[in-house]
Amino acid sequence: MKKLMWKNIIFFLRASCLSGLVGHHASPITKLYHHVDQKMSWTDAQRYCREQFHDLATIDNLEDLERLQASRKGSDYDIDTAWIGLYDDRTRWQWSYGNQDYKMGQHYDNWAGPEPNHAYAKQNCTMIIQNTGEWDDRSCSDLAGPVCINAAGNYIYVQEIMTWYNARKYCQSHHTELAIVRDATENGKIYALMSSYAWIGLHRNPWSHWSDGSRPTYFNWQTGQPNNYIGKQNCAAMNFITADYEDFNCQDLNYVACQELQKQRSTFRIKISTEADMTNPEVQRQFVELLSAKMAKEGVTGLQIHLVVKDGQDQKSKK
Ligand SMILES: *[C@@H]1O[C@H](CO)[C@@H](O)[C@H](O)[C@H]1NC(C)=O
Ligand SMILES: [Ca+2]
Ligand SMILES: [Ca+2]
Numbered sequence: 002m003k004k005l006m007w008k009n010i011i012f013f014l015r016a017s018c019l020s021g022l023v024g025h026h027a028s029p030i031t032k033l034y035h036h037v038d039q040k041m042s043w044t045d046a047q048r049y050c051r052e053q054f055h056d057l058a059t060i061d062n063l064e065d066l067e068r069l070q071a072s073r074k075g076s077d078y079d080i081d082t083a084w085i086g087l088y089d090d091r092t093r094w095q096w097s098y099g100n101q102d103y104k105m106g107q108h109y110d111n112w113a114g115p116e117p118n119h120a121y122a123k124q125n126c127t128m129i130i131q132n133t134g135e136w137d138d139r140s141c142s143d144l145a146g147p148v149c150i151n152a153a154g155n156y157i158y159v160q161e162i163m164t165w166y167n168a169r170k171y172c173q174s175h176h177t178e179l180a181i182v183r184d185a186t187e188n189g190k191i192y193a194l195m196s197s198y199a200w201i202g203l204h205r206n207p208w209s210h211w212s213d214g215s216r217p218t219y220f221n222w223q224t225g226q227p228n229n230y231i232g233k234q235n236c237a238a239m240n241f242i243t244a245d246y247e248d249f250n251c252q253d254l255n256y257v258a259c260q261e262l263q264k265q266r267s268t269f270r271i272k273i274s275t276e277a278d279m280t281n282p283e284v285q286r287q288f289v290e291l292l293s294a295k296m297a298k299e300g301v302t303g304l305q306i307h308l309v310v311k312d313g314q315d316q317k318s319k320k
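If you're matching positions, the sequence shown starts at 2 in my numbering and goes up one per residue.
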């Protein structure tokens, strides 16, 4: 009889997997914010939050913003600015050609001396400088001639000046894409064609990551920020009085806003027909083991499963 029961359960798990769940309720993960009354650099703040809680604070909407602001308790501060998880990774770029990732230091580059400098927090498209063939990050709305690449892999320089966005459109409709430059030889080929400044396809999206890995969808910058003052600001802090953000040098010392994740709790109802005694603790233990293994196979890990067994009569009378 015991054998038959396990056959039933295994069959159920194999055959129906998650579709066998007749009811499911999952509450979303909620963030608990913690204002840390201690000043440190952004990197130290990140380490501190990861050790003590989960990570630096992530703010996804106005409700988060208000809850974070309310998390500060205690006495007043003169300047109450706390690091949040928002940062600008200046090394991550992308080629428009095939949306290929480009990581500074790992791929070929020909940046001019101090470039890319993200001047005034406004430069995230790449131009080749006319007289040197070196690269410079510029505002995407600046004007230059596109260098396109065609299906045969040849470069075409276009003399008409336009914004980076229009340059991209131009290349897409007349050829294939804005140029990708993979080595010095390719850069040399382009340099030989240019008669003025030229757009290539390298660009990036500033402030595109939170420390916890999520993508920002909501910003609350203070007017005039981010400004990348003196070219060295790529970490964000929130002013707890005004609830808006400023970019700072990551080495600056600020208070810290951490987040803790509240555990997610889900309830599943599973219907099983079996003659086994599901109230038997040993049977339950084995069932939980099986279920965990099955869920792990589906990519769901870190589970703590608690079983509540009701017999069929109960279920019916509940309905
Ligand atoms: C340049 O940065 C701005 C934000 O500062 C962003 O909206 C825009 O999409 C970026 N442009 C490109 C081509 O990545
Ligand atoms: Ca620049
Ligand atoms: Ca600033």
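Note that CB positions come from ideal geometry on N, CA and C, so glycine has one too.
- Every residue whose Cβ sits closer than 7 Å to any heavy atom of ligand 3 is listed here in chain order: 226, 227, 228, 229, 230, 234, 247, 248 and 249.
- With a 10 Å radius around the Cβ and a threshold of 16 neighbouring Cβ atoms, residue 97 comes out buried.
- The beta carbon of residue 117 is closer than 6 Å to those of 138 in its chain, skipping five residues each way along the sequence.
- In the structure shown, residue 44 adopts helical secondary structure according to DSSP, grouped into three states.
- Distance from the Cα of residue 232 is smallest, within the candidate group 224, 245 and 250, for 250.
- Considering only 46, 108 and 136, the residue with the shortest C-alpha distance to residue 253 is 46.
- The beta-bridge partner set that DSSP reports for residue 126 consists of 139 and 204.
- Shown here, residue 172 sits in a helix according to DSSP, grouped into three states.
- Within 10 angstroms of the beta-carbon of residue 247 lie 16 or more other beta-carbons, which makes it buried.
- A check of alpha carbon separations from residue 86 across 30, 258, 227 and 222 identifies 258 as the nearest.
- Between residue 178 and residue 150, the beta carbon gap of about 6 Å places them in contact (Cβ cut-off 8 Å).
- The residue among 184, 132, 211 and 218 with its C-alpha nearest the C-alpha of residue 62 is 218.
- Judged by DSSP secondary structure, residue 86 falls within the beta strand (DSSP E) whose first and last residues are 82-88.
- Rounded to whole angstroms, residue 198 and residue 84 show a C-alpha spacing of 39 Å.
- Between the segment 107-115 and the segment 210-230, the count of C-beta pairs closer than 8 Å stays below three; the two stretches do not touch.
- With a cutoff of 7 Å on beta-carbon distance, residue 43 and residue 128 are scored as not near each other.
- With respect to the 7 Å criterion, residue 168 and residue 147 are classified as neighbours on the basis of their beta carbons.
- Ranked by Cα distance from residue 71, the options 35, 238 and 102 are led by 35.
- Using a Cβ distance threshold of 7 Å, residue 88 and residue 95 do not count as a contacting pair.
- About 19 Å separates the beta carbons of residue 215 and residue 92, which is beyond the 8 Å limit, so they are not a contact pair.
- In this structure, the alpha-carbon of residue 286 lies about 31 Å from that of residue 55.
- Relative to the Cα of residue 272, the nearest Cα in the group 308, 283 and 48 belongs to 308.
- When distances are taken from the beta-carbon of residue 145 to the heavy atoms of ligand 2, even the shortest one reaches 6 Å or more.
- Cβ-Cβ distances below 8 Å link residue 190 to 156 in the same chain, with the five nearest sequence neighbours on each side left out; the list follows chain order.
- Nearest in C-alpha terms to residue 31, of all of 283, 305, 260 and 306, is 260.
- Per DSSP, residue 190 is one residue of the alpha helix (DSSP H) stretching across 185-194.
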